[in-house]
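Student: Just so we're aligned, residue 1 is where the sequence shown starts under the UniProt record's numbering, counting upward by one.
All C-beta atoms, glycine included, are put in the ideal place defined by N, C-alpha and C.
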Amino acid sequence: MMRVRTVLNDLVPGALGVTDSHDHLFFRSAVLPAEQVLDDGEAAAAEVRAFADAGGQAIVQWTPHGLNRRADLLPGISSRTGVAIVAATGLHRREHYPDGYVDKVQDQLAEIFVRELTTGIADTQIRAGLIKVAGGFHVLDAHADHVMRAAAEAHHATNAPIAVHHELGSAADAVLDLLVDELDVHPAAVILGHLNRFPDHRVHLDLARRGAWLAFDGPSRANNATDPRLMDCLGALIDAGYADRLLLGGDTTAARARAATGEGPGMPYLLTHLRPRITQYFGADVADAVFRDNPARAFATDWRA
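Have a look at this one:
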């Protein structure tokens, strides 16, 4: 039976509602300045409330294992705001972790992922609803290859979706070559992130033909150079008949990027600015697909125990 696994419970897909398909309520990285770390529970709750006030009903947090997910705080934020939250397991690129951390866990990754998807994150009973992994810049390095193999193993054990960070939007074809062609992950279980950072229409069309989900995760203060090309990228895919494969997220990775407590644009921007533009250019049906129908299908699976 298809369900979306949130931090409170498993939902039937139609109950997910208007969704930010890629964002971060909490995030700590070795490459992020200390003053920009997302670690303030009240600030996170304020951002979620601002998203809810704009009509948002669900947020998918892509923060993976070891990067300050604050799973203990997510159920309370979800309960207080009425917004469903999906948490992630998985592992990011090596440079995001303190020295020695990846070496400590790399031989246990599949076991960690499965446990966090089925039993709970750390010492909680809060389960992750997807596996977040990361590719390299134009190629898959040894770290990316190793983590994706563990993710595929965990996927086959649980049916969990796999969401992929791509460095500057690149190497998505290599990810599908590995996960789908070699490791037998169904393409409909793969969400290709950050494609807005590599605004090549031909590449996007090739990826869409292979059956994966295409996630455009801007605007983000750190990666806004291609924002003016977002509608062109979406338009090319919509014109080719792939409106049913598109996802949109805010990817708020630093404190200053929040709307409620920072300089924005933050999570509400998806609904206050981008959804009206998508409706204007492509119609209300496409906007509903991007923000409601597609996330309900992309993040739902028939969970194995």
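Between which residues of its own chain and H155 is the CB-CB distance below 7 Å, once the five residues before and five after are set aside?
Tutor: I131, I162, V185, A189
Student: Please specify which runs of the alpha helix (DSSP H), each continuous and at least 4 residues long, are wholly inside the stretch 133-196, giving them in chain order.
Tutor: Correct list: 142-158, 172-176.
Student: If I59 sits next to V83, beta carbons under 8 Å apart, how far is it from one beta carbon to the other, in whole angstroms?
Tutor: 6 Å
Student: Distance, Cα to Cα, L246 vs G100?
Tutor: 37 Å
Student: Excluding the 5 residues flanking R94 on each side, which residues of the same chain have their C-beta closer than 6 Å to its C-beta?
Tutor: V102, H143
Student: Please look up how many angstroms separate the CB atoms of A208 and L237, rounded, as I've assumed it's under 8 Å.
Tutor: 6 Å
Student: Can you find the residues in the same chain that come closer than 7 Å, C-beta to C-beta, to A110, ignoring five residues on each side of it along the sequence?
Tutor: Result list for A110: A150, E153, A154, in chain order.
Student: For D29, which residues of its own chain have a beta-carbon under 7 Å away from its beta-carbon, when the five flanking residues on both sides are left out?
Tutor: Going by the sequence as given, residue 29 is Ser instead of Asp. So the qualifying residues of the chain are L67, H96.
Student: Identify which residue in V139, A134, R69, D141 has its Cα closest to the Cα of A128.
Tutor: R69
Student: Going by C-alpha distance, which of L230, R297, E263 is nearest Y281?
Tutor: L230
Student: Take the Cβ of G206 as the centre, count every other Cβ of all protein chains shown within 10 Å, and call the residue buried at 16 or more, exposed below.
Tutor: Here residue 206 turns out to be Asp, not Gly, going by the sequence shown. D206 should be labelled exposed.
Student: Taking Cβ to Cβ, would you say Q61 is nearer than 9 Å to L25?
Tutor: yes
Student: Give the DSSP-derived three-state secondary structure of L32 in the structure shown.
Tutor: coil
Student: Relative to the alpha-carbon of P268, which residue among A289, L248, D173, D285 has its alpha-carbon at the smallest distance?
Tutor: L248
Student: Which residues mark the beginning and the end of the alpha helix (DSSP H) in which V83 is found?
Tutor: That residue, V83, is in no alpha helix (DSSP H); it is neither H nor E in DSSP.
Student: On the three-state DSSP scale, how would you describe Q108?
Tutor: helix
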